[in-house]
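Participant:
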Amino acid sequence: MANIISGSCCCGDVEFTLEDNFSNFFFCHCEQCRKLTGSAHASNLFTSPDNINWVKGVEKIKRYDHPKRSFSKAFCENCASGLPFISQSGKSLIVPAGSLNEEPSIKLDAQIFSSEQTEWHKEGLLVAKVSGFPK
């Protein structure tokens, strides 16, 4: 049996648990994922659709489904943090890695849509690393 890991939104209104049993872990650099996350890439884990237990706040989850493309996003109505959601095909539960409270055991499988990776992200990986906010 896999370990149970927990997750939540930033404000804590939504909490969930799931088994640490993921089939894939991808960084997605496509334009849609950049827009949905407001970041350089999405960091998504994939598992079976029934691998989730909503502990609290399921009524506070909102969902956006793109009308012409097959991608979605679920988020807390209060803090807008990304949350797990069932893919439009119904075949996968997609879990934003940043929503987890613990590290999953799976390692990154691939960076997908790498041809759409931004130059500012590539350059940003090479700059100095600072442990906190710079003074």
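FYI, the numbering for the sequence shown is 132 to 266, going by our numbering. Backbone N, C-alpha and C define an ideal beta-carbon position, used for all residues, glycine too.
#1: Between which two residues does the alpha helix (DSSP H) carrying residue 163 extend?
#2: For residue 194, does the count of other Cβ atoms within 10 angstroms reach 16, so buried, or fall short, so exposed?
#3: What is the DSSP secondary structure of residue 130, counted as helix, strand or coil?
#4: Using the rule of at least 16 other Cβ atoms within 10 Å of the residue's Cβ for burial, across every protein chain shown, is residue 212 buried or exposed?
#5: Answer yes or no: the CB of residue 135 versus the heavy atoms of the ligand GTP, is any distance below 7 Å?
#6: On a Cα-Cα basis, can you pick out the residue from 133, 159, 148 that is closest to residue 232?
#7: Do residue 219 and residue 158 come within 8 Å of each other at the CB atom, strictly closer than that value?
#8: Which same chain residues end up closer than 8 Å to residue 189 when comparing Cβ atoms and leaving out the 5 residues on each side of it in sequence?
#9: For the beta strand (DSSP E) containing residue 138, name the first residue and the last one.
#10: Does residue 134 pass the burial test, meaning 16 or more other C-beta atoms within 10 Å, or should it be called exposed?
#11: Whose C-alpha, out of 228, 251, 260, 210, is nearest the C-alpha of residue 174?
Facilitator: In short:
#1: Start and end: 162 to 168.
#2: Exposed, since its Cβ has fewer than 16 Cβ neighbours within 10 Å.
#3: There is no way to answer for residue 130, as the model of the chain reaches only from 132 to 266.
#4: The residue is buried, with at least 16 neighbouring Cβ atoms inside 10 Å.
#5: The ligand content of the structure shown is nil, which means the ligand GTP is not present either.
#6: For the residues 133, 159, 148, the minimum Cα distance to residue 232 belongs to 148.
#7: No. Outside cutoff.
#8: Closer than 8 Å at the Cβ level, and outside the excluded window around residue 189, lie 145.
#9: Per DSSP, the continuous beta strand (DSSP E) segment holding residue 138 begins and ends at 135 to 139.
#10: Classified as exposed, residue 134 has fewer than 16 neighbouring CB atoms from the shown chains inside 10 Å of its CB.
#11: The shortest Cα separation from residue 174 among 228, 251, 260, 210 belongs to 228.
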